[in-house]
Amino acid sequence: MEPTLPPLITQLCDLLRNPGFPAQLAASVQGSRNESVFLRIEASLATTEQSAPRNGLLYLGCIDLNKGVVLPLPPSFASSFTPSSTPPISPSSTLDPKVTQDHETPTWEADSDSHSSKRRKTVGTLCLPSATANKQTGTAIAKESSVRQVHSDTSFPQRKKPSQDFAPPVLEPSSTDKLISGIWRQLHSPVNLSRDFSKHADEQNLEPVVNIRSGASLEVFQTVNTLCLKYYNRSQSSRALEMVIQAFWVECFEARTAVLRFDKPILSNREARMIALKEACVVLGWREKDLRNRMAIWRGYKEIKDAGGWASLIFASAGVYRFCKYRTEFGEILFSRLRQIKSSLEVAADTLHPGWRDLLRVIQQYTPPVYHGHPHEWVTITTTDEEPALPLASTYDHLNLPNGFQYRFIDECVLDAQAFTEDPRRVPDLDLDVCTICSERQSDVIEQNHCSCFPTLFGGVRTPPPVQIFRTSTGKNNGVVARCIIDRGTAIAEFTGLITSSISGVDVMIGGSRGRTYQIYQGTMGNFTRFINHSCRPNAQFQTFYWRGAERIIVVSKGVTAGAEITVDYSDRYWRELEKKCLCGEACCRFS
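Numbering follows the UniProt record's numbering, with no gaps: position 205 of the sequence shown is 205.
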């Protein structure tokens, strides 16, 4: 009867993935059944799997095969290893058990008394108001209420460092993605398109009034910057006008070919096209080959215009020339995507660049603006078919409000004079000129500001965020979609609204700390952050940031891709007392 190996040997074989070791071991100990047999385990170090071992063996332990137990390490071996011979374990990867999140406190608190040096984990959440809140603001208190809350003021999510080992492959954007992304970036840029360069007084004089060759003073530098902006806008306008005329030329060429065949039925389509080409070459002064090469690019302009409208062509970036020249991805996929966002492009163009349709007068096309007002007062419909955008108020008709849905878009928070005499977001102990994150100087004057934590919102030139409000298809009514890539750690927008206190029965954001709390109510005023939906796997979060000594609540990206819905995690407390079903659709959904 063969001896039975102890379970330790089986576990060791499973760990090392060596299924043949038990048979070899049984054969080795078969002749020594009446003697005590021990398995001595030693190891050696080598540079590669096939290289020779280095000098010296490392004693790991010994197993009694008769009893199936591990023998204790001999004192001679234990004393030979001193603490200095082993490298210390870095505590940087451990978690501090003292850094916890208080889920029972309804307001965010800095907890400066006991753990002032600790930094809490950033959690963007929505929470329910405390049961003690009883002050009303003239509106009926709902049975089910919700509260938005920020729990921490730690630094914004850092950009992920590229992993050197086992990095997943990253798909490069296609030419179609680059084209559409360039259109959205141009739409949300401060470019000023104009058909008539002489209608503005500053455009009449092409030469600067200051001697820009006299030195590098501030006046000279500002004059050069003004010239750079002037001619940049002029070049962009000229480029847009050129593409409009060239796309329209293709339509006229096809119409002229049809007229020639109608007048002379004996002409074939090719003969009619050659006659029209020669008529054009006489005026243009080009060879037929040069004109045919240009026609292929111009025809690409027309196809883009036919699918996405004039806005898609006018606000196309400089890469549209190469895109139409090589025509690598011209097809139904491109045209269907352009048709899908056609009305969205017109909403952004009409609201951000109201005078863009004036460029179409060069081809005698007079079309009034379709959309007006604030860019986020329109809800785009993202479907496979072209559908016009809807007014924001009409999407809330199902609420049956007495005066309808009233909402005013604001860029800065408004202080409720009945609740506060001074801004409660200001922290008395904070230095107005020093950033709490980077310790650099903060200033509202861009030239004097050195803080670059969130330059898109504070201390830099602000541009419209590349987002739109859209109608969701999952039953969540409206949501916010990103039109461009928003990198991880980038501030999307500030959470703005009415700064008040003691409101209950409505959805509010709670900020501040113990003894210094406030609420931000977005019932009648605010910005697009009100329409950001919840997700159990969000791509953004609420974050606190101190600018010029005042607390600001902002929405920070965790890595938002172009065309994705921007979502945050409302937290468990938001859903705890609500009889609602989460519609995020994630596999990790906690409330479905």
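In this text, a Cβ means the ideal position worked out from N, Cα and C, and glycines have one as well.
Quick caveat: nothing in here was measured; it's all calculated off a predicted structure.
Along the chain, where does the alpha helix (DSSP H) that runs through residue i open and close?
{"i": "SER336", "result": "332-340"}
{"i": "GLU279", "result": "269-284"}
{"i": "THR517", "result": "Run containing THR517: none in the alpha helix (DSSP H); it sits in the beta strand (DSSP E), 516-521."}
{"i": "LEU179", "result": "175-187"}
{"i": "ILE492", "result": "Element bounds for ILE492: not the alpha helix (DSSP H) but the beta strand (DSSP E), 491-494."}
{"i": "ARG239", "result": "218-263"}
{"i": "SER27", "result": "Checking the displayed sequence, the identity of residue 27 turns out to be Ala instead of Ser. 21-29 is the span of the alpha helix (DSSP H), which, as asked, contains ALA27."}
{"i": "VAL209", "result": "Unbroken run through VAL209: none, as it is neither H nor E."}
Taking the continuous beta strand (DSSP E) assigned at residue i, which residues delimit it?
{"i": "VAL481", "result": "478-482"}
{"i": "TYR570", "result": "Counting along the chain, TYR570 falls outside any beta strand (DSSP E), and DSSP gives it neither H nor E."}
{"i": "LEU583", "result": "Careful: LEU583 lies outside any beta strand (DSSP E) and carries neither H nor E."}
{"i": "ARG287", "result": "Neither: ARG287 is in no beta strand (DSSP E) and is coded neither H nor E."}
{"i": "GLY61", "result": "58-64"}
{"i": "TRP378", "result": "378-381"}
{"i": "THR544", "result": "540-547"}
{"i": "VAL70", "result": "69-71"}
{"i": "LEU39", "result": "38-43"}
Using only the heavy atoms of the ligand ATP, determine whether one of them is closer than 7 Å to the beta carbon of residue i.
{"i": "LEU57", "result": "Absent from the structure shown: the ligand ATP. Ligands present: none."}
State buried or exposed for residue i, treating a residue as buried only when at least 16 other CB atoms are found within 10 Å of its CB.
{"i": "PHE531", "result": "buried"}
{"i": "SER92", "result": "The predicted model places SER92 with a pLDDT of 35, which falls under 50 and marks its position as unreliable; any figure quoted below should be read in that light. By the 10 Å Cβ count, SER92 comes out exposed."}
{"i": "TYR518", "result": "buried"}
{"i": "HIS376", "result": "buried"}
{"i": "HIS188", "result": "buried"}
{"i": "ARG287", "result": "exposed"}
{"i": "GLU565", "result": "buried"}
{"i": "GLN340", "result": "buried"}
{"i": "TYR326", "result": "exposed"}
{"i": "LYS264", "result": "exposed"}
{"i": "THR107", "result": "Interpretation of THR107 is limited by its pLDDT of 35, a score under 50 that renders its predicted location unreliable; the figure taken from the coordinates is listed afterwards. Buried, since its Cβ has 16 or more Cβ neighbours within 10 Å."}
{"i": "PRO83", "result": "With a pLDDT of only 41 at PRO83, under the threshold of 50, the placement of this residue in the model should not be trusted; the figure read from the coordinates follows. It counts as exposed."}
{"i": "PRO7", "result": "exposed"}
{"i": "GLY174", "result": "With the sequence shown as reference, residue 174 is identified as Ser, and Gly is not the correct amino acid for it. Per the 10 Å Cβ criterion, exposed."}
{"i": "GLN186", "result": "buried"}
{"i": "PRO369", "result": "exposed"}
Among the options, which one has its Cα closest to the Cα of residue i?
{"i": "ASP423", "options": "TYR407, GLU551, PRO208, CYS438", "result": "GLU551"}
{"i": "GLU42", "options": "ALA23, VAL282, CYS62", "result": "CYS62"}
{"i": "LYS302", "options": "VAL283, VAL370, GLU242", "result": "GLU242"}
{"i": "ASP507", "options": "LEU457, TYR574, GLY479, GLN541", "result": "TYR574"}
{"i": "residue 611", "options": "GLY319, VAL320, TRP378, LEU15", "result": "Here the chain comprises residues numbered 1 to 592, so residue 611 is not present and cannot be evaluated."}
{"i": "VAL555", "options": "THR567, LEU583, GLY505, ILE492", "result": "ILE492"}
{"i": "LYS67", "options": "ASP263, ILE9, ARG17, PRO19", "result": "ILE9"}
{"i": "ASN233", "options": "ARG590, ARG462, PRO190", "result": "PRO190"}
{"i": "TRP547", "options": "THR463, TYR521, ALA482, LEU432", "result": "LEU432"}
{"i": "LEU578", "options": "ASP350, ALA389, GLY505", "result": "GLY505"}
{"i": "GLN541", "options": "LYS230, GLY489, ASP350", "result": "GLY489"}
{"i": "ILE503", "options": "ASP416, ALA482, SER513", "result": "ASP416"}
{"i": "THR281", "options": "ARG273, LEU291, PRO72", "result": "The sequence given here places Cys at residue 281; Thr does not occur at that position. The candidate whose alpha carbon is nearest that of CYS281 is LEU291."}
{"i": "HIS374", "options": "ARG408, THR529, PRO455", "result": "ARG408"}
With distances taken between CB atoms, is the gap from residue i to residue j smaller than 8 Å?
{"i": "GLN442", "j": "GLY460", "result": "no"}
{"i": "ILE363", "j": "PHE248", "result": "yes"}
{"i": "GLY355", "j": "SER194", "result": "yes"}
{"i": "GLN236", "j": "TRP298", "result": "no"}
{"i": "ARG322", "j": "ILE180", "result": "no"}
{"i": "CYS588", "j": "CYS536", "result": "yes"}
{"i": "SER592", "j": "LYS581", "result": "yes"}
{"i": "GLY526", "j": "THR496", "result": "yes"}
{"i": "LEU437", "j": "CYS453", "result": "One detail in the question is off: residue 437 reads as Ile in this sequence, not Leu. Yes."}
{"i": "THR500", "j": "ALA393", "result": "no"}
{"i": "ALA276", "j": "ARG256", "result": "yes"}
{"i": "VAL467", "j": "GLY563", "result": "no"}
{"i": "ILE553", "j": "GLY523", "result": "no"}
{"i": "LEU583", "j": "GLY475", "result": "yes"}
{"i": "ARG426", "j": "GLY549", "result": "yes"}
Compare the C-beta of residue i against all C-beta atoms of chain C and say whether one is closer than 8 Å.
{"i": "LEU260", "result": "The chain inventory of the structure shown lacks chain C, comprising one protein chain alone."}
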